Every structure is written in structure tokens, then in C-alpha cells.
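In this note's numbering, the protein residues as written are 69 to 403. Heads up, the beta-carbon is just placed ideally off N, CA and C, and yes, glycines get one too. If you're wondering where the values come from, they're calculated on a predicted model, not measured in any experiment. Okay, structure first, notes after.
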């Protein structure tokens, strides 16, 4: 969920002004001159913000979903808590009582966030985790945000929200540097996955690991069997809830330029939650672009991996407009 919280003047000069919460709330009425335009919109055009809301509601604005909205929604690429509050107010009818975003170190200001109707009991940020004793660089640019929710007076749920390093390499990277950049990204993702596992095991030591309720989730930017995710996806004793689905139904992300789909988004359950919460996840695909008319492919292009692309879409989805290239994953937990 990416929102612009800047005002841009109608001028070729590349100026921008960071809006205050008051300016955001009033939709630009307090901007210094009429030439400045409030750009609080997803990607600054089209119905993306409405489609994002529809994907969270699992329904069009004028429909009633067969599902209840999630009690807790964990989000990626949120630019500010002001933007998140306004999104909740304008497009989710103030459904969520609590909204949380903590600015981290991503240069694009895209952080992890949470909407919740359960009281937030405690918050721990891991954004200041150093790479090592001898390297003060930070492991997480977008945090491993640890949040404990009060489900009942005697029962909490702890959620670790993550957005791990992507595989993206700038197209402007010199050819002789591409492999180096790929390795750097992979190494950092492995370091992040390893550190998340350590954080969780330090938080829930010994027998508490098997008896407490906690979830590690988010966009991990890699597939379940990738060597760079193995500390989390295979060697952590947590269970990938998406693996409960048929293999061809596990994909959560569409790489449009390659027309390939794969799972890179996760809900990893603690042993106790995995035992008590046996429901299959629901993956919302109605917000995906219908740019491809017939087939996509799972992981790589071949006949065995063909997937029909005839999913039902939300009304405003077109070739150009979609909620996201990621599909939200919903799961019912029994605490």
C-alpha cells in the first residue's frame, strides 16, 4: 500500500513539500499556493486506492463480503501513519480502531504497517539491529516489527511483520556489476531471514516456542525453497500456512514482465497455532490485472506450469489498474 504524502507544484521545477497531518486531512486546502496539488493517492492516479480497499474488504464498495474483514491486517509499503489513518477513514469506513507505522530506513519511505481492532499491548522495533559487532550497518531497511496484541485478558498474539530484501537490480546497473548486485541482494535476504529466526527464538525460548501463539509474516521476496529463505521457511520449526493449498494455488505474486507467478508472501505459524488453526488460507486474486488473457506460469514457463488466468476481477480492474501485483493472504486463527 503506497501513498504519496507530498504536495507537488504544477511546475517543471522538481520541488516537493512534505504535507502536515492537517494538510493531508483537509485534502490540500492549506497548501501555500493554489498551484500546489495534494497527491494523497495510490500511485497518484486511477482507482488503485479503491482496489486496495476492496482487496482488504474482499468485496466491492457496494457489496457485502461473504467474509468478515480481518481483525488484524498487516501491510507492506506504507509511507506514513497519517496516510494509513486517512486510508482507514476514507476507504475502510473507519473500521480499524488501531493504526501503526514506524518509519524505518528505506529511502523511499515504504515501511510495514498494521491495522487492528485488537488492542496493541506492546511494540518492539528491530530496525536498529546491526549487521555484526564490527559492522554497524542495519540488517533491516524496513524493520522486523514485533507487535503483541491483547486477544483476551489472558491471551496475547505476537506478530512479526517483515518485508525482506527484494531481487530487484536497477536497469541502470553496469553489466559488469549486475552479478555483484544480485549476490548482494541475496546475501542480505539470507542475513535478514537468519536474523528474524534468531529474534523469534530469543523471544520464545525453550518450551515457550511450542506453547505460545506467534506469527512471522510478510513479503519475503523469494520462493519457499530458496536457499536464501531456508532459515525461516524450512529450519525455523514454523509452518508455512500457504503450503496447505494445492501447489498451483499457492502463488501470491505475479511478475508481469515475465508472466510468471510464485509464492513470495508468507504466514508462518508457531507450532501451537499450526496445531489449533487448521483452516486453509484464502488468497484474494480479484485485484490482479487482467492484462494477460489466457495463461500465466508457475515459477517457470512450460506446459506443466500453465495456470489459467480467468480469475474473477473487481469491477475497476483493467489491463492497467490493479490493487497490487501481490495477492493478500487471509487466514483464520484460533487463539
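In the structure shown, residue 173 adopts coil according to DSSP, grouped into three states. Residue 246 sits exposed, since fewer than 16 C-beta atoms from the chains shown fall within 10 Å of its C-beta.
The Cβ atoms of residue 355 and residue 122 lie closer than 8 Å to each other. Cβ neighbours of residue 181 within its own chain (closer than 7 Å, five residues either side excluded): 143, 146, 152, 168, 169. With respect to the 8 Å criterion, residue 340 and residue 280 are classified as neighbours on the basis of their beta carbons. Judged by their CB atoms, residue 328 and residue 304 are not nearer to each other than the 8 Å cut-off. Classified as exposed, residue 133 has fewer than 16 neighbouring CB atoms from the shown chains inside 10 Å of its CB. Counting only the Cα atoms, residue 249 lies some 31 Å from residue 270. If you draw a 10 Å sphere on the C-beta of residue 265, you find 16 or more other C-beta atoms in it, and that means buried.
Shown here, residue 307 sits in a strand according to DSSP, grouped into three states.
Contact between residue 225 and residue 219 holds: their C-beta atoms lie close to 5 Å from each other, under 8 Å. CA-to-CA, the gap between residue 402 and residue 117 works out to about 31 Å. Only residues of its own chain outside the window of five on either side were considered, and among them 287, 288, 289, 290, 291, 320, 321 have a CB closer than 7 Å to the CB of residue 332, listed in chain order. Within the same chain, Cβ atoms closer than 8 Å to the Cβ of residue 306 are found at 268, 284, 300, 336, 337, 338, 339, 342, the five residues on either side in sequence being excluded. By DSSP's assignment, residue 206 forms a beta bridge with 198. In chain order, 398 place their CB closer than 7 Å to the CB of residue 138, counting only its own chain and leaving out the 5 sequence neighbours on each side.
Residue 296 holds the alpha-carbon nearest to the alpha-carbon of residue 258 among 192, 185, 296.
A straight line joining the alpha-carbon of residue 124 with that of residue 353 spans about 11 Å. Spanning the alpha carbons of residue 393 and residue 386 requires a straight line of approximately 13 Å. Taking the C-beta atoms as reference points, residue 208 is found no nearer than 8 Å to residue 234. A distance below 8 Å separates the beta carbons of residue 188 and residue 166.
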